[in-house]
Amino acid sequence: MGLTGQDATLFRMTIGSIQLPERPLLLAPMEDVSDPPFRILCKRYGADVLYTEFISSGGLSYGAEGSVRKLDFYEQERPLGIQIFGGEIEQVREATRIVDAAGPDLIDINFGCPVKKVVCKDGGAGILRNLPKMQAITAAVIEEATRPVTVKTRLGWNDESIQIIEVARMLEETGIAALAVHARTRSQMYKGEARWEWLRRIKEEGVRDIPFFGNGDAYNPERIKAMFDETGVDGVMIGRGAIGNPWVFRDARAYLDTGEVPDPPSWDERVGVVAEHLQLKCEWLGERTGVLEMRRMYGGYFKGLRNASKLRMLLMEQGEMDGVLEVLLNFREDEPTVQVAVREAVKPARLPATVAAKLSRPRREAAEAWHA
Ligand SMILES: Cc1cc2nc3c(=O)[nH]c(=O)nc-3n(C[C@H](O)[C@H](O)[C@H](O)COP(=O)(O)O)c2cc1C
Numbered sequence: 004m005g006l007t008g009q010d011a012t013l014f015r016m017t018i019g020s021i022q023l024p025e026r027p028l029l030l031a032p033m034e035d036v037s038d039p040p041f042r043i044l045c046k047r048y049g050a051d052v053l054y055t056e057f058i059s060s061g062g063l064s065y066g067a068e069g070s071v072r073k074l075d076f077y078e079q080e081r082p083l084g085i086q087i088f089g090g091e092i093e094q095v096r097e098a099t100r101i102v103d104a105a106g107p108d109l110i111d112i113n114f115g116c117p118v119k120k121v122v123c124k125d126g127g128a129g130i131l132r133n134l135p136k137m138q139a140i141t142a143a144v145i146e147e148a149t150r151p152v153t154v155k156t157r158l159g160w161n162d163e164s165i166q167i168i169e170v171a172r173m174l175e176e177t178g179i180a181a182l183a184v185h186a187r188t189r190s191q192m193y194k195g196e197a198r199w200e201w202l203r204r205i206k207e208e209g210v211r212d213i214p215f216f217g218n219g220d221a222y223n224p225e226r227i228k229a230m231f232d233e234t235g236v237d238g239v240m241i242g243r244g245a246i247g248n249p250w251v252f253r254d255a256r257a258y259l260d261t262g263e264v265p266d267p268p269s270w271d272e273r274v275g276v277v278a279e280h281l282q283l284k285c286e287w288l289g290e291r292t293g294v295l296e297m298r299r300m301y302g303g304y305f306k307g308l309r310n311a312s313k314l315r316m317l318l319m320e321q322g323e324m325d326g327v328l329e330v331l332l333n334f335r336e337d338e339p340t341v342q343v344a345v346r347e348a349v350k351p352a353r354l355p356a357t358v359a360a361k362l363s364r365p366r367r368e369a370a371e372a373w374h375a
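Here the numbering used here is used: position 273 in the sequence shown is 276, and no number is missing along the way.
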């Protein structure tokens, strides 16, 4: 007997054994953005599923340090998907075994990256030109994985060759547990508008029994709700709208539930989250790299606020965590001279055990000293 009504809804909102809430909000995989510190903040503000940035299957199979490091995650991030890419089947197989051993909740295959050096080796969106190979890679990952396998892709290679309805059916028949589609072709890169009309078609004519997530230009609560309403997708995956704005998940959830968007975070809350993001990055990557990597985040965090460019300039000048914190905590949109004692103001009560467990000994000692 087929499932009907509520049962059918419950059934559809499961990825393997992962139960999803109604209208789930997912954090998109984003290279150099979706690392553990950023993901944990998005989780706090309501992201229902998190994904790592994409990881090269070649890098993993050769044991490249940079690739292996990207497998790290905090336990509190679950449910978490680790995303891999690659166009060489045996390498992808090997990478799947490595990813599987890292213990994520699901493994996601990237069939959407538009970058030349990836697509030319049949990785990312490159595989949209070779659907039999796309099926073979998917089948290989499913065969090796002991957990659900999902796919994220684009509409097609270019306008002339969109076959996403057939692709969705083929992938579901091959055995994937959920599908996410960025509603642009590879040729579009990130240009033009995402074509949500295709999301509706994929939902209606492509996938049958697996959850289908829409992606592309759902960057604020209104747009996120509109994607649900206009396309009927089961979940919305949010990328750029979350950069410097982990609150987007909280705001979208409130808007979906009540029709009201909460007030934006206060200055203190915003600064507190930036400070925490910085600290987590420094604990994760070491102070030097953490401070450097964090520079890419300030634009998003302070966008549209008074004196934002002045603040950004001051932050960019700092090479050490304490210097950045000093600037952050002493800067007021309207009163730039208030003095706040850095350590008392931002230091979390203790170093989270899950963070400590991930650190090398010297880094852990430094972090413990900071928290003491
Ligand atoms: C900085 C950046 C890095 C990205 N890295 C990845 C990636 O590693 N894997 C992936 O599947 N998509 C990646 N994407 C694409 C996003 O996941 C998403 O599909 C795209 O940004 C459209 O969604 P949005 O309009 O909500 O941003 C990246 C996008 C950006 C902006």
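Ideal Cβ positions, reconstructed from N, Cα and C, are used throughout, including at glycine.
One question on the structure: do residue i and residue j come within less than 7 angstroms of each other, judged by their Cβ atoms?
i	j	result
residue 250	residue 48	yes
residue 95	residue 143	yes
residue 54	residue 32	yes
residue 210	residue 169	no
residue 80	residue 56	no
residue 149	residue 75	no
residue 230	residue 217	yes
So the beta strand (DSSP E) residue i belongs to, where does it begin and stop?
i	result
residue 282	Taken as a continuous stretch (DSSP letters only), residue 282 belongs to no beta strand (DSSP E), being part of the alpha helix (DSSP H) at 270 to 288.
residue 388	Any property of residue 388 remains undetermined from this structure, which presents the chain solely from 4 to 375.
residue 241	238 to 241
residue 186	First-last for residue 186: undefined, no H or E at that position.
residue 84	83 to 88
residue 29	28 to 30
residue 111	109 to 114
So what's residue i in DSSP terms, helix, strand or just coil?
i	result
residue 333	helix
residue 54	strand
residue 140	helix
residue 20	coil
residue 220	coil
residue 202	helix
residue 165	coil
residue 195	coil
residue 252	helix
residue 76	coil
residue 260	helix
residue 308	coil
residue 266	coil
residue 3	This structure leaves residue 3 out entirely; the chain is present only between 4 and 375.
Along the alpha helix (DSSP H) that carries residue i, what are the first and last residues, could you check?
i	result
residue 96	92 to 105
residue 155	Element bounds for residue 155: not the alpha helix (DSSP H) but the beta strand (DSSP E), 152 to 157.
residue 302	301 to 304
residue 71	68 to 72
residue 63	60 to 65
residue 121	119 to 122
I need the straight-line Cα distance from residue i to residue j, nearest angstrom please.
i	j	result
residue 147	residue 178	13 angstroms
residue 116	residue 260	33 angstroms
residue 267	residue 329	24 angstroms
residue 304	residue 277	7 angstroms
residue 307	residue 29	25 angstroms
residue 158	residue 82	26 angstroms
residue 285	residue 43	14 angstroms
residue 291	residue 111	31 angstroms
residue 314	residue 213	46 angstroms
residue 27	residue 258	13 angstroms
residue 59	residue 45	24 angstroms
residue 316	residue 332	15 angstroms
residue 205	residue 140	21 angstroms
Review point. Counting Cβ pairs, one atom from each stretch, are 3 or more of them under 8 angstroms apart for the region 53 to 71 and the region 82 to 89?
Key: The region 53 to 71 vs the region 82 to 89: in contact.
Review point. Is there contact between the region 226 to 233 and the region 150 to 157, where contact requires at least three CB pairs shorter than 8 angstroms?
Key: Because the criterion of three Cβ pairs below 8 angstroms is not met, the region 226 to 233 and the region 150 to 157 do not touch.
Review point. Do the region 159 to 175 and the region 34 to 42 touch if we need at least three Cβ pairs shorter than 8 angstroms?
Key: Flag = no, the region 159 to 175 and the region 34 to 42 do not touch.
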